[in-house]
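Just add 106 to wherever you are in the sequence shown, counting from 1, and you've got my numbering.
Report on the following structure.
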Amino acid sequence: MYSKHVDIEPGDRASSCRGAMRPERVEHRGGKGLVIVHRCAVCGFVRPNRIADDPAQGDDIDAVVALMSRRG
107 MYSKHVDIEP GDRASSCRGA MRPERVEHRG GKGLVIVHRC AVCGFVRPNR IADDPAQGDD
167 IDAVVALMSR RG
C-alpha cells in the first residue's frame, strides 16, 4: 500500500523527492468516500488517495481496512 512521492499536484510528476509514501490511516471524506492518507517518509508531504470503488475493478475495501488495522 506504499506509493512513491512523485507529484506536487495530482498527476504532475513535478516532485523531485521520490521518497516512499507510507500509508498512515483510512478516512471517510464526504464526496470522495474512503481515502488512504499517505505521508512521505523523506519530506513529510501528506496526500490522500481515494480507494477505487468500481464494482468491476475496484479495491477490496475490507482487505484495505484489515491491513490498516494490523499496522500498529
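In this text, a Cβ means the ideal position worked out from N, Cα and C, and glycines have one as well.
ask   = Under the three-state reduction of DSSP, which class applies to S82: helix, strand or coil?
value = Coverage of the chain is limited to positions 107 through 178, which leaves residue 82 absent and any answer about it impossible.
ask   = Are G125 and H144 close, meaning C-beta to C-beta below 7 Å?
value = no
key: Beta-bridge partners of S109, as assigned by DSSP   = M127
request  = Would you mind stating whether N155 and I167 have Cβ atoms separated by less than 7 Å?
outcome  = no
Alpha-carbon to alpha-carbon, R128 and C146 = 6 Å
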